[in-house]
Each structure stands twice: as structure tokens, then as C-alpha cells.
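Let me begin by presenting the structure, written as C-alpha cells, before commenting on it.
Numbering (this note's numbering), first residue to last: 27 to 393.
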């Protein structure tokens, strides 16, 4: 594994800036930084690039979501990139997430020693990204009522909703496509969007964690039960959390709460800590050990989620536990089928479009 690494940012005014390096004596030149950056101007996203520059073997990593940023690992002579590329990708991903979230907590030496790694974004996080982009959430609501719509009509509708001509439909629809909720195809001469999946953001009771607590920490159960009751089923007249209420109900938590849920789930650092706690209460050190994150990073994530009533700290026992479990439930949009049948009968969609929609649903959900 590499013993040296550095993080560089291309600034529009100052050029290349080395933000972090280990060891501090590592010498870098402008030519080297230019060559490394050039490697990532072509090819696929999130690929590790291997370069021989000024006597150094450098494996570099960049992400499209953090333009201008590059993580570079100085390889030893005996390092075989094919064998460690996945590990380096995970470490590079972690460093870039941390540099953009909490740069003061990033210590390259500690990350290299612990091999702190972050997995690729999963389906639940991709779905959460939809609600971090207001125009994407609007498009999803439109497809709830249409099921199938040409992208030209969607673009016009979105411009009217936002009251602006400066609307980039591609930017708005990309999170929907990345998450697999929407598929876009050419039908006849029209580019058409199909709603393939739907998503229900909500906080579920932490059932798995609660069961694990009854076995591993039975002394926590009375207080744990009180936390859950106060959130989900408090004594009247206080109302508990009920995600099934229609969004038109003033007591519905969905519109107000889904952005909080999305913000937590789309943050890869928070998500890793949250996913750990879904299995049961843990001490800070246990979480850090399981996901190989620095203690300070885990602590920051726990405090952020405590503020959003997702975790609670049982100080006397020194453990953290979920009190609500934010989730993105993805399901088949069966409610669209009668809408498509009605649109077909009224000649609002052609038979080719309706038939293709059913084919896509079968392909997506047949397993």
C-alpha cells in the first residue's frame, strides 16, 4: 500500500492548490499536478489512473461530483495497482467526501494506516439524491400523475412550475435516471420518460435494533422504549409520526421531513454510520472499527443525526442507538397502470408507448 498521498484542487484563480499531503516533506511540482489532472479529463468516472511522473508512480482518483479535486497516492515499487485499485478507490472516495464536509478532520496518515474506505453510492442513496434537487422531486410528482410523458412536455411543464426559462431538464431528470426510477427512450420520434419505480421516504421504527438491544443491552430497554414511544405514539393529545397521512393533511410529516431524511441518507459519511446502527446499539469506537473511519468523523456524524432525532446517546452505558430509521422504500408503481389505460383510451398516448411501458415494467420487476 502507498505510504504517501496528497489531495489537490484546481482553483479558477490560483491554479493548483495542494490541500493536504503526507508526509509533509513530499515535494510536488506544477508540472506533476498538471499531468495528474490531465489524466482525469478523459475516460470513465471514478476510475483510478496510473501515471509515471518525475520518477514517481502515482495512482490518482477523481469524482464527477467534486469537479477540480483529485486524490493522489504515491505507489511503492512492489505495489500492484490491479490488486489494490478497489481499496484505493474507496480511500479516495472517503477523502473527497471528507474534504468537502469536514476538511479539518481529515488526516491522510490515519486514513492510510486504517485503510479507511467508502463504498460506492447504493440505490437508497441514489433515491435520496432526488429530494436534494427540488426540480427532480417536482418531475417525480408530475410522473406520478402521468406515468409516461415526452421529455419535451416535461421540460415545458417544469419551466411553468419554476417560472423560469433557464431550466435544464437533463440536470433535473438525471437523479431520477441514476436511481432507476425513470427510464428514457425514443418512441417513434419522441424522447419519452417512463416511471419504472416509485419511492417512499419515511422514518421506520428501528425494529432490528430494538430486538438486538433486548438481547445485548436489556438494561437500556425502558429508556429505549420511552424514546420510541415519544416519537411514534405519544400520549394524546400529542400526535405521533405517521408517514401514511396524505401530504394534503396539515399533520403530514412527509414534505417537511423528507429533505431531512434525504440529507442524511445522501451523505455517505452519515449513511455508513447509520447503516452500522441499524443492526443494534454500538459504542463510538465499535462503529469506527467496523467502518474503519476516524473516531472524530464518526462522532461528528452521530451529533448531526442526534440533532435530527435519528440516534440517541445512552451516556451511562456509552452506546448510541437508532430511535428512528430513515429509509427510501422503492416499490413498483402499480397505481400507474389504470392511468396508462385511461390515457390510451383517450388517445393521449399511442399503443406503441403503452406497450413499451408494460414491457419495461416486466423487465424491471420480473425477478
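Backbone N, C-alpha and C define an ideal beta-carbon position, used for all residues, glycine too.
Per DSSP, cross-strand counterpart(s) of residue i
i	result
residue 346	308 and 339
residue 48	31
residue 87	74 and 97
residue 82	79
residue 352	229
residue 43	35
residue 11	There is no way to answer for residue 11, as the model of the chain reaches only from 27 to 393.
Collapsed DSSP secondary structure at residue i in the structure displayed
i	result
residue 35	strand
residue 299	helix
residue 282	helix
residue 266	coil
residue 326	helix
residue 255	helix
residue 394	Here the chain has residues from 27 to 393 only, and residue 394 is not among them.
residue 375	coil
residue 390	helix
residue 364	helix
residue 321	helix
residue 334	coil
residue 261	coil
residue 314	helix
residue 275	coil
residue 148	coil
residue 288	helix
residue 55	coil
Chain-order list of residues whose beta-carbon lies under 6 Å from that of residue i (same chain, five-residue window excluded)
i	result
residue 95	35 and 122
residue 155	201 and 292
residue 53	none
residue 390	222
residue 351	230 and 232
residue 59	34 and 42
residue 365	173
residue 193	184 and 185
residue 28	99, 100 and 101
Cβ neighbours of residue i in the same chain (closer than 7 Å, five flanking residues each side left out)
i	result
residue 451	The structure shown does not extend to residue 451, since the chain is modelled only from 27 through 393, so no value can be given for it.
residue 386	209, 220 and 222
residue 49	30
residue 281	273
residue 286	334
residue 213	378, 379 and 382
residue 337	303, 328, 331, 346, 347, 348 and 349
residue 318	140, 141, 142 and 143
residue 288	154, 157, 158 and 227
residue 137	117, 120 and 121
residue 369	375
residue 180	165, 168, 195 and 219
Residues of its chain near residue i, where Cβ-Cβ distance is below 8 Å and the 5 sequence neighbours each way are ignored
i	result
residue 246	239, 307, 340, 343, 345 and 347
residue 311	321
residue 203	209 and 210
residue 260	266
residue 325	310
Whether residue i touches residue j by CB criterion (9 Å)
i	j	result
residue 114	residue 74	yes
residue 184	residue 165	yes
residue 304	residue 231	no
residue 39	residue 56	no
residue 101	residue 119	no
residue 333	residue 298	no
residue 111	residue 85	yes
residue 356	residue 167	no
residue 117	residue 99	yes
residue 254	residue 349	yes
residue 469	residue 125	Since the first residue shown for the chain is 27 and the last is 393, residue 469 is missing from the structure and cannot be characterised.
residue 295	residue 127	yes
residue 242	residue 216	no
residue 358	residue 224	yes
residue 145	residue 46	no
residue 159	residue 197	yes
residue 269	residue 262	no
residue 199	residue 162	yes
residue 77	residue 61	yes
beta-carbon residue i near the ligand GDP non-hydrogen atom, thresh 8 Å
i	result
residue 129	Summarising the ligand content, the structure contains no ligands, and the ligand GDP is consequently not present.
- Message: Just to confirm the assignment: which complete beta strand (DSSP E) runs, minimum length 3, are found wholly within the stretch 94 to 146?
- Response: 95 to 101
- Task: Entirely within the stretch 204 to 253 and at least 3 residues each: give me those beta strand (DSSP E) ranges in chain order.
- Result: 208 to 213, 216 to 221 and 224 to 230
- Message: Which complete beta strand (DSSP E) runs does the stretch 153 to 201 hold, if anything under 3 residues is left out?
- Response: 174 to 176
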